[in-house]
Amino acid sequence: MKQDAIEVLAIAKDINAKTQQPVELDETLLKELSYQSRGEIAPLCAVMGGLIAQEFLVGAGAIGCEMLKNWALLGLGTGPDGYIKVTDMDTIEKSNLNRQFLFRPKDVSKLKAECASAAVKAMNPDLTGKITHFSDRVGPDTENIFNDSFWDHLTGVTNALDNVEARKYYNDKEWTLWDRFEINGNLSLQQLIDFFKKEYDLEITMLSSGVSMLYSFFMPKKKLEERIKLP
């Protein structure tokens, strides 16, 4: 664990040195964080940055700030063809500063999408040139901007909205990584894949449970044949 703490501190120093606004690091706090943090990364999380190249975030408030921070730390959208698009029509108010942590007092009255994008680029410089921000709401009146061509070029879309009307419009547009499905009865892996194809016209390319990879399109053929019949 001591070696892990040393590595965490070294990584933090390296990231801090590369940011546009380096800060003073508390080495004791960072080492303690390493000592207290233990966990396992699911295979899906480990490869997410590589698979999801073109992401659209709708909303840059409290939920949106958390999502953008996570994406920046994952390196999502930093590949050769990757990019992130984020939209929010709101400007930052002083009351936002206590929970929307990407914003600072100097950002008050500025656009949320613009400031949030700038903040995560400072966290991960590899996102420079990879983020486009909009100040438009997603709805029928902006379909000239967010048209079919726009949606078709995206790999994933994340809903970070707190507006019921906007969520309903958005939910009619796209499936996302975070949608929830309820399935009755026990199905084999093959039946599960067939169910999503028939009912939702969705292709399952990867399926995991906890830290176990149950299915992926790049598994060896022999292993796929063994797994596909399992319940």
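Count along the sequence shown from 1, then add 3; that gives the number in the working numbering.
Where a beta carbon is used, it is the ideal one built from N, C-alpha and C, also for glycine.
Asked                                                                                             : Found
Anticipated Cβ contact below 8 Å, Leu105 with Val123, distance rounded                            : 7 Å
Of the listed residues Ser211, Pro143 and Leu195, nearest to Asp204 (C-alpha basis)               : Leu195
Counterpart residues of Ser3 in DSSP-defined beta bridges                                         : Outside the displayed span of the chain (4 to 234) sits residue 3, for which this structure offers no information.
Reference Val1, options Tyr38, Lys72 and Glu58, closest by Cα                                     : One cannot answer for residue 1 here, as it falls past the ends of the chain, which runs 4 to 234.
Simplified DSSP state of Pro46, which is helix, strand or coil                                    : Because Pro46 sits at a pLDDT of 44, beneath the cut-off of 50, its placement in the model cannot be relied upon, and the following sentence gives the value as read from the coordinates. Pro46 falls in the helix class under three-state DSSP.
Cβ-Cβ distance between Pro143 and Thr22 below 9 Å                                                 : no
DSSP beta-bridge partners of His136                                                               : Val89
DSSP three-state assignment for Gly142, whether helix, strand or coil                             : coil
Of the residues Pro25, Gln24 and Glu35, the one placed nearest Leu12, counting alpha carbons only : Glu35
Under 9 Å between C-beta atoms of Ala75 and Leu32                                                 : no
Length of the line joining the Cα atoms of Ser152 and Val160                                      : 14 Å
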